[in-house]
Structures are given as C-alpha cells and as structure tokens.
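What follows is a short report on a single structure.
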C-alpha cells in the first residue's frame, strides 16, 4: 500500500468503496465501545484516535467535506454524531479501567488534547467543527480537561498520603 496519504485529488472513490470504508469505521467504533465496556481504556482510545485521524486525513475522499454527499443515501450528520458520541461515551467511562496499565494517565490525556486540537484545526477549513455536522472539538476538550483535573487531583492526593505516612 504505497498510496500517498492525504492526497485527496487522486482519491477518486467509488460508492461501494465508500460504503466499505464507512462500514469499517463503524466496526472500529464498535470495537472502541466494546473495549471501554471491558475496561480496556487505553487501547480503546488508541483505536479511537487512529479512526479519528483516518477520518480527518481522508475527509474529502470520504465525501465528508463537501456540501453534496458523495453517496446520496449516506447521512453525514449521523456519521459525525456516531463518531462524536463514541468519543463522549469513551470519555465518560475513563474511570472504568480494570487494570492499572489500562488507565489513562496525564501524558495520555495531554496527547489526546493535542490531537483533538490538531484534528479540529484541519476540519475547521471545511466548517466541520462544533456544529451538528462535524467534530465536537469543544465538548471533547471540555471532557478531557475535566478528566485531567480529576487525574491531577488523584495524583496529588496519593502523593500527600505517601508523605503523611512518613
């Protein structure tokens, strides 16, 4: 697979290829939610980040950037809602990590925030940020900020408990 990524002008996609790509994306979003339910938080966010990155990079080729959908039967607002809701559900369940190695740490959250901002910047040129049809950057960032505050407070409390024992 030596096709250049992000070169949408040469990415003429057939309707059946689009249906296959969207089915694949939906399958990955289901894997994310299944992983969240199993407490595999870190690996679920890894999948979700890869899917989101692929959507952003291929936005034009997927027909998500144009006013007229490439596939008439495709509802782009439903697609964006599914992607955004996957993010929000995953973020609401970060505390469900079953093992310490599955837990989101401060550096993971900061990296996710950085990625979300970069995706938002790319999608903003198409008017696909913080609207019904598009990426809900501000909602996702707000959730990440809340989680970050919680993680930092828990780490501070743990450090204080260690000091109190001395």
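In the working numbering, the protein residues as written are 17 to 182.
Glycine included, each C-beta is placed from N, C-alpha and C at the ideal position.
Would you mind giving the Cβ-Cβ distance between residue i and residue j, rounded to the nearest angstrom? I have them listed as a contact below 8 Å.
| i | j | result |
| --- | --- | --- |
| residue 147 | residue 81 | That pair is no contact at about 13 Å. |
| residue 131 | residue 65 | 6 Å |
| residue 120 | residue 57 | 6 Å |
State the Cα-Cα distance for the pair residue i and residue j, rounded to the nearest angstrom.
| i | j | result |
| --- | --- | --- |
| residue 116 | residue 103 | 21 Å |
| residue 176 | residue 163 | 20 Å |
| residue 50 | residue 182 | 42 Å |
| residue 152 | residue 48 | 18 Å |
| residue 94 | residue 158 | 22 Å |
| residue 92 | residue 150 | 9 Å |
| residue 55 | residue 71 | 25 Å |
| residue 43 | residue 139 | 23 Å |
So which of the options has the shortest CA-CA distance to residue i?
| i | options | result |
| --- | --- | --- |
| residue 74 | 158, 114, 38 | 38 |
| residue 125 | 168, 135, 54 | 168 |
| residue 97 | 40, 160, 45 | 45 |
| residue 160 | 128, 140, 139, 138 | 128 |
Suppose the cutoff is 7 Å on Cβ atoms and the five residues either side in sequence are ignored; what does the same chain contact list for residue i look like?
| i | result |
| --- | --- |
| residue 154 | 146 |
| residue 21 | Model confidence at residue 21 stands at a pLDDT of 42, short of 50, so the residue's coordinates are unreliable and nothing is read from them. |
What does a CB cutoff of less than 8 Å around residue i pick up in its chain, not counting 5 residues either side in sequence?
| i | result |
| --- | --- |
| residue 122 | 164, 167, 168, 171 |
| residue 179 | none |
| residue 174 | none |
| residue 52 | 60, 105, 106, 109, 112 |
Grab me the residues of residue i's own chain with a C-beta within less than 6 Å of its C-beta, minus the 5 sequence neighbours each way, in chain order.
| i | result |
| --- | --- |
| residue 36 | none |
| residue 69 | none |
| residue 27 | With a pLDDT of 47 at residue 27, under the threshold of 50, the predicted position of this residue should be treated as unreliable, though the coordinate-derived value follows. Closer than 6 Å at Cβ, skipping near neighbours: 77. |
According to DSSP, which residues form a beta bridge with residue i?
| i | result |
| --- | --- |
| residue 151 | 145 |
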